[in-house]
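S.K.:
There are 2 protein chains.
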Amino acid sequence: MKLLEERIRRDGVVKPGSVLKVDAFLNHQMDVALLDALGAEWARRFAGAGVSKILTIEASGIGIACMAARHFGVPVVFAKKSQSINIDGDVYTTKVQSYTHRRVYDVLVSKRFLGPADRVLILDDFLANGCALEGLLDLAAQAGASVAGVGIAVEKGFQRGGDALRARGIRVESLAIVDTMDPASGAITFRPDPAETAGGGKYPTPPEQIP
Amino acid sequence: MKLLEERIRRDGVVKPGSVLKVDAFLNHQMDVALLDALGAEWARRFAGAGVSKILTIEASGIGIACMAARHFGVPVVFAKKSQSINIDGDVYTTKVQSYTHRRVYDVLVSKRFLGPADRVLILDDFLANGCALEGLLDLAAQAGASVAGVGIAVEKGFQRGGDALRARGIRVESLAIVDTMDPASGAITFRPDPAETAGGGKYPTPPEQIP
Chain A
17 MKLLEERIRR DGVVKPGSVL KVDAFLNHQM DVALLDALGA EWARRFAGAG VSKILTIEAS
77 GIGIACMAAR HFGVPVVFAK KSQSINIDGD VYTTKVQSYT HRRVYDVLVS KRFLGPADRV
137 LILDDFLANG CALEGLLDLA AQAGASVAGV GIAVEKGFQR GGDALRARGI RVESLAIVDT
197 MDPASGAITF RPDPAETAGG GKYPTPPEQI P
Chain B
17 MKLLEERIRR DGVVKPGSVL KVDAFLNHQM DVALLDALGA EWARRFAGAG VSKILTIEAS
77 GIGIACMAAR HFGVPVVFAK KSQSINIDGD VYTTKVQSYT HRRVYDVLVS KRFLGPADRV
137 LILDDFLANG CALEGLLDLA AQAGASVAGV GIAVEKGFQR GGDALRARGI RVESLAIVDT
197 MDPASGAITF RPDPAETAGG GKYPTPPEQI P
């Protein structure tokens, strides 16, 4: 998605150790107009997929999920990273390794909010090794929910998470896939986006407007 | 705000120990249409207050803040609850006691995203003892930002947080204030809302329509 790629080039910062900081607009300070555009794009790509609920994980997925949910007209459920006394015992749980925070989290969703009737779209801001997504897929599987797909804002294409999910047949719609990034120059190359190149642009010309 | 009070009566659950669970629509599963209405209401109440940024704290404040920010046309910054290697060292930090999680969090905001030019609206889902808000006010003060006010979805009026803030001259706009709740019967009484009773309803009749 050109809008997101341009924003990453402009305001993203490449750091040593394969770190891409997008905290100016995506996961610390949040540009909600941009988030709204991401949501509209996922709604376009997953139109007709029967999404009944959006599933994400705290914290930075929540804003993205809420802005997107407005375009789908469905609720958001976010998985919580630790047991809270405000959560009933009746929960699905799994474990997620966080490389960013260098620890393993217990992650949970109440059984009241995820079940066999749900068809979930899983959304998150980042996809690198895919550990958070594996956790969310596990929670959906425990609940008996079906998965329409996964929507990601920024995928690190040089790490294994995204392609591992695709190899399992899971539909992954990443709106920007970073193939290479250079901390010395700050240069970033993005993987060409089939959803854009095939249609000739972010919003393909509607049939009635083709001369 | 009647819409929110009715939703709390319908889907909220009163538990022993002054616990009010609103996780079916506000802070685990999120009804984004409701969140959008809350955002519109804060935008109405804080119109002309010069809000340039919305400040909240992870995790459950984020969805509320993002949906509201759309109505203000400003970015969201959320305070993070622990040091992450993805955050630069250049941060404002404070400590927040969480009664829900029975621990003290280090909370931080990058200095790049909060400064003297900012006039912040602080938003959160819940206000009870006010510890999270005290932390956010401290971060704003460290940054030299001015505070337009505080917007809360659900205030527990029988705990000290809200009135302590008001006594300090801080404008607090809570969209539902629970004055009493009874775990045996589930009954909830709300504090009358001046913004509604004075104007005769959630949306006062515009002057040009008054006969």
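Going down the list, the sequences are from chains A and B.
When you line the first sequence up against our numbering, it's residues 17 to 227, in that order.
When you line the second sequence up against our numbering, it's residues 17 to 227, in that order.
In this text, a Cβ means the ideal position worked out from N, Cα and C, and glycines have one as well.
CA-CA distance, S34 of chain A and H117 of chain A?
M.R.: Along the first sequence, one-based indexing puts residue 34 of chain A at 18. Along the first sequence, one-based indexing puts residue 117 of chain A at 101. Spanning the two alpha carbons is a distance of roughly 15 Å.
S.K.: Show which residues of chain B have a CB atom less than 7 Å away from the CB atom of R86 of chain A.
M.R.: Within the first sequence, residue 86 of chain A is the residue found at index 70, counting from 1. Result: V48 and D52.
S.K.: Taking the alpha-carbon of K69 of chain A as reference, which of A:V90, A:A53, A:E57 and A:L51 has the nearest alpha-carbon?
M.R.: Counted from its first residue, the first sequence places residue 69 of chain A at position 53. Looking at the Cα atoms, A:V90 is the closest of the given residues.
S.K.: In three-state DSSP terms, what is K97 of chain A?
M.R.: Position 81 of the first sequence holds residue 97 of chain A. Reduced to three states, the DSSP call for K97 of chain A is coil.
S.K.: Report the residue from B:I168, B:R60 and B:D198 whose alpha carbon sits nearest the alpha carbon of L20 of chain B.
M.R.: In the second sequence, the residue the question calls residue 20 of chain B occupies position 4. Out of B:I168, B:R60 and B:D198, B:I168 has the C-alpha closest to the C-alpha of L20 of chain B.
S.K.: Could you tell me which residues DSSP puts in a beta bridge with A192 of chain A?
M.R.: Counting from 1 along the first sequence, the entry for residue 192 of chain A is found at position 176. Paired residue(s): A:V170.
S.K.: So, for Q45 of chain B: in the same chain, excluding its five sequence neighbours on each side, which residues have a beta-carbon less than 7 Å away from its beta-carbon?
M.R.: In the second sequence, residue 45 of chain B corresponds to position 29, counting from 1. Cβ within range, chain order: D39.
S.K.: Under 8 Å between C-beta atoms, does G215 of chain B make it to chain A?
M.R.: As a first step, residue 215 of chain B must be located in the second sequence, where it is residue number 199. With a pLDDT of 45 at G215 of chain B, under the threshold of 50, the modelled position of this residue cannot be trusted; read the value that follows with caution. No, its Cβ sits nowhere closer than 8 Å to a Cβ of chain A.
S.K.: Got a sec? Which residues, its chain only, sit under 6 Å from I226 of chain A by beta carbon, not counting five neighbours each side?
M.R.: Walking along the first sequence from the start, residue 226 of chain A turns up at place 210. Low confidence applies to I226 of chain A: its pLDDT is 40, below 50, so where it sits in the model is not reliable enough to give any reading.
S.K.: Cα separation between D209 of chain A and C82 of chain B?
M.R.: Against the first sequence, residue 209 of chain A aligns to sequence position 193. Against the second sequence, residue 82 of chain B aligns to sequence position 66. Taking the straight line joining both Cα atoms gives about 27 Å.
S.K.: Given T110 of chain B, which residues of its chain have a CB within under 6 Å of its CB, disregarding the five upstream and five downstream residues?
M.R.: Here residue 110 of chain B refers to the residue found at position 94 of the second sequence. Within the same chain, T110 of chain B has close Cβ partners V123, G151, D154 and L155.
S.K.: Looking at the ligand PLP, does it come within less than 7 Å of L42 of chain A, judged from the CB to the closest heavy atom?
M.R.: Ligands in the displayed structure: none, and consequently the ligand PLP is not present.
S.K.: How big is the Cα-Cα spacing for G165 of chain B and R25 of chain B?
M.R.: Position 149 of the second sequence, counted from the start, is the residue given in the question as residue 165 of chain B. Position 9 of the second sequence, counted from the start, is the residue given in the question as residue 25 of chain B. For G165 of chain B and R25 of chain B, the distance between alpha carbons rounds to 27 Å.
S.K.: Excluding the 5 residues flanking G215 of chain B on each side, which residues of the same chain have their C-beta closer than 7 Å to its C-beta?
M.R.: Counted from its first residue, the second sequence places residue 215 of chain B at position 199. Caution applies to G215 of chain B, whose pLDDT of 45 falls short of 50 and renders its modelled position unreliable; the model cannot decide the point.
S.K.: Since R8 of chain B sits in a beta bridge, which residues does DSSP pair it with?
M.R.: Residue 8 of chain B lies beyond the stretch modelled for chain B, which goes from 17 to 227, so this question has no answer here.
S.K.: Touching or not, the segment 130 to 147 of chain A and the segment 175 to 190 of chain A, by the rule of three or more beta carbon pairs under 8 Å?
M.R.: Touching, per the Cβ criterion.
S.K.: In the DSSP assignment, the alpha helix (DSSP H) including I24 of chain A goes from what residue to what residue?
M.R.: For the purposes of this step, residue 24 of chain A is identified with residue 8 of the first sequence, where counting begins at 1. Start and end: K18 to D27.
S.K.: So with CB distances below 8 Å, who are the chain B contacts of K96 of chain A?
M.R.: To locate residue 96 of chain A, count along the first sequence from 1; it is residue 80. Neighbours of K96 of chain A on chain B, chain order: H44 and A75.
S.K.: Compute the Euclidean distance between the alpha carbons of P199 of chain A and G202 of chain B, then round it to the nearest angstrom.
M.R.: Counted from its first residue, the first sequence places residue 199 of chain A at position 183. Counted from its first residue, the second sequence places residue 202 of chain B at position 186. Cα-Cα distance, rounded: 57 Å.
S.K.: Using C-beta distances below 8 Å, list every residue in its chain close to K244 of chain A, excluding the 5 sequence neighbours before and after it, in chain order.
M.R.: This structure cannot settle anything about residue 244 of chain A, because the visible part of chain A is limited to 17 through 227.
S.K.: Given a threshold of 16 other Cβ atoms within 10 Å of its Cβ, counted over all protein chains shown, does P223 of chain B qualify as buried or as exposed?
M.R.: Within the second sequence, numbered from 1, the residue matching residue 223 of chain B stands at position 207. Bear in mind that the predicted position of P223 of chain B carries a pLDDT of just 40, short of 50, making it unreliable; the figure below should be weighed with that in mind. By the 10 Å Cβ count, P223 of chain B comes out exposed.
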